[in-house]
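Right, one structure below, let's go through it.
In our numbering, the protein residues as written are 12 to 364.
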């Protein structure tokens, strides 16, 4: 049998992180820990990391809701995934903690990645800031060996954002460097088509969420006519049941979907999205959503169970001043797991506090 413990924690960003929902300087998360009642050294930890103003289940009572689901899980000695459909970050935390508990090691699934034999290709992310700051980020990513770069756009003048793409393309062809952009719904309906054509000139691989989520007919028309592939992200938030997922994908027919377990249904819900997407010939990739290294490891371990050659959006684990130690490293443009390092003393001491 196991019992559950909740550890609230505030992650502090090394530098303010600009997103479509404003600027983050810290991120409140909750770690859920399964411990064996007879062998306390046998445990599993997962991360519940909702994003205010973005997660469908986040409100002022989130901590109480999490505690209630943890009590229910402890009483049943099982996770009620169906009851947790509308609470994706809680489901993600509980189901990955359970997987860790049953495996009793950080290698949550047996894959070449978990054995340290292969790295997962990832994109380098350029955060929103002024032109000079974004250019400096790009130069750093190029110098580190990334061959897929994603720019969050909409923070500065569009022409200056095109200048950033022009800078990259002056050095690398589309065959040498994949460019992704994420508009976070920032484009106006009136000029979105013109902007997509301007982006297409620079060989952009795809654009995430060009217009505001919730405009299904407009997004469907855009996907049908866009000169570059459209990927859905925010559009998937709050669509937590299979019938709704199928209706959304069949209505909009995007070229790709971008899956974030903390936002889009946990591991269970994202697996549903993948099955539907593949049935409808829609591409996909997996992305972390500002989790600490605990959540990042869980996402990466699961991601590695798929044979998907596209670069994934798994971050670097280096966003925070007080991240939790995990055996994850980025070398060039791949995320690696080091099984020989095992569970760090830092993680164990943190959980025992």
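The beta carbon of each residue, even a glycine, is placed where N, CA and C say it ideally should be.
Fair warning: this is a prediction, and the values are worked out from it, not measured in the lab.
Put simply, the backbone Cα of residue 100 is about 11 Å away from that of residue 65. Rounded to whole angstroms, the gap between the alpha carbons of residue 263 and residue 175 is 30 Å.
For residue 217, DSSP records a beta bridge to 191. Taking 7 Å as the cut-off, the beta carbon of residue 63 is found no closer than this to the beta carbon of residue 54. One thing to note: residue 309 has its Cβ within 7 Å of the Cβ of residue 107. Inter-residue distance for residue 241 and residue 87 is about 42 Å (C-alpha atoms, whole angstroms).
Within the model, the alpha-carbon separation for residue 317 versus residue 333 is close to 31 Å. Inter-segment contact for the segment 180-189 and the segment 224-237 is absent: fewer than three beta-carbon pairs are separated by less than 8 Å. Membership of residue 38 in the beta strand (DSSP E) is indicated by the continuous run 33-47. Judged by DSSP secondary structure, residue 301 falls outside any beta strand (DSSP E); it is assigned neither H nor E. Excluding sequence positions up to five before and after residue 164, its CB lies within less than 6 Å of the CB of 172, 192, 194, all in the same chain and listed in chain order. Cβ-Cβ separation between residue 291 and residue 260: approximately 6 Å, consistent with a contact (criterion under 8 Å). About 4 Å separates the beta carbon of residue 124 from that of residue 315, a gap short enough to meet the 8 Å contact definition. If you draw a straight line from the Cα of residue 90 to the Cα of residue 213, it is about 47 Å long. Each of 84, 122, 37 was checked against the Cα of residue 26, and the nearest Cα belongs to 37. One Cα belongs to residue 283, the other to residue 109, and the distance between them is close to 19 Å. Counting only unbroken stretches of 4 or more residues, the alpha helix (DSSP H) elements lying wholly within the segment 106-190 are 142-155, 169-180, in sequence order. The DSSP-derived three-state label of residue 278 is helix.
Just so you know, the alpha carbons of residue 341 and residue 93 end up roughly 35 Å apart.
The alpha-carbon of residue 270 is positioned some 28 Å away from that of residue 201. Our two residues, residue 312 and residue 161, have alpha carbons roughly 22 Å apart in a direct line. Burial is judged here by how many other beta carbons sit within 10 angstroms of a residue's own beta carbon; residue 33 has fewer than 16 and is exposed. For residue 234, the enclosing alpha helix (DSSP H) covers residues 227-236. Straight-line measurement puts the Cα of residue 301 at about 14 Å from the Cα of residue 20. Here DSSP, grouped into helix, strand and coil, assigns residue 58 to strand.
At the C-beta level, residue 67 and residue 104 stay beyond 7 Å of one another. Around the beta carbon of residue 14, fewer than 16 other beta carbons lie within 10 angstroms, which makes this residue exposed. If you draw a 10 Å sphere on the C-beta of residue 44, you find 16 or more other C-beta atoms in it, and that means buried. Counting other Cβ atoms within 10 Å of its Cβ, residue 49 stays below 16 and is therefore classed as exposed. A direct Cα-to-Cα measurement between residue 42 and residue 111 gives close to 13 Å. Approximately 24 Å separates the beta-carbon atoms of residue 211 and residue 138; this is outside 8 Å, ruling out the contact.
Residue 242 has 219, 267 as its beta-bridge partners, per DSSP.
For residue 159, the CB contacts under 6 Å within the same chain, skipping 5 residues up- and downstream, are 134, 189, 322 in chain order. Per the C-alpha coordinates, the member of 320, 24, 57, 325 positioned closest to residue 18 is 57. Of 336, 331, 256, 344, the smallest CA-CA separation from residue 325 is found for 344.
Under the three-state reduction of DSSP, residue 208 is assigned to helix.
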